[in-house]
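First comes the structure, then the notes that go with it.
Residue numbers (this note's numbering): 30 to 194.
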């Protein structure tokens, strides 16, 4: 590959990386306690004391992480109607949108040597386990890394794009 082609590829990567949403997402949830708090919220924990007891996290760390997740719009914080001295933490729509991320991370951990769990996430309707998370094409085909390429959104969303392009 000629040096000028390599340089232009790197420049394109750097330009795209500056507007990539991954760093902001990692800043919001990219540490162990945030993921464990999310796991707890997805599994029905709502009160500070439940998170603290269920996760074994220090109170000051939990308070800090909950505050950051509320400020980031991942969790909602509201007074408990049954006891106004307590607070309920619940997933916002933005927080619920992290379900595929958390599930994919769990499935990855099971597949790559951290052990199969005795309890699996299942469809409430029929009790069957959910499918393995994967990257899918618009027509439902499972895609691997070699099947993927980056294209401009306007080109990808064009109704006239063909398989030969």
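From the three backbone atoms N, C-alpha and C, an ideal C-beta is built for every residue, glycine too.
Name the DSSP beta bridge partners of residue i, please?
| i | result |
| --- | --- |
| residue 128 | DSSP output for residue 128 lists no bridge partner at all. |
| residue 172 | 164 |
| residue 158 | 151 |
Check residue i in the structure and name its three-state DSSP category.
| i | result |
| --- | --- |
| residue 120 | strand |
| residue 110 | coil |
| residue 186 | coil |
| residue 105 | strand |
| residue 25 | Absent from the model: residue 25. The displayed extent of the chain is 30 to 194, so no value can be given. |
| residue 151 | strand |
Measure how close the beta-carbons of residue i and residue j come, nearest whole angstrom, since I'm counting them as under 8 Å.
| i | j | result |
| --- | --- | --- |
| residue 80 | residue 69 | 5 Å |
| residue 121 | residue 104 | 6 Å |
| residue 159 | residue 151 | 7 Å |
Give a yes or no on whether 9 Å exceeds the smallest Cβ distance from residue i to chain D.
| i | result |
| --- | --- |
| residue 72 | Here chain D cannot be found, since the structure has a single protein chain. |
Touching or not, the segment 123-132 and the segment 83-103, by the rule of three or more beta carbon pairs under 8 Å?
-> yes
Do the segment 39-51 and the segment 106-118 make contact, defined as three or more Cβ pairs closer than 8 Å?
-> no
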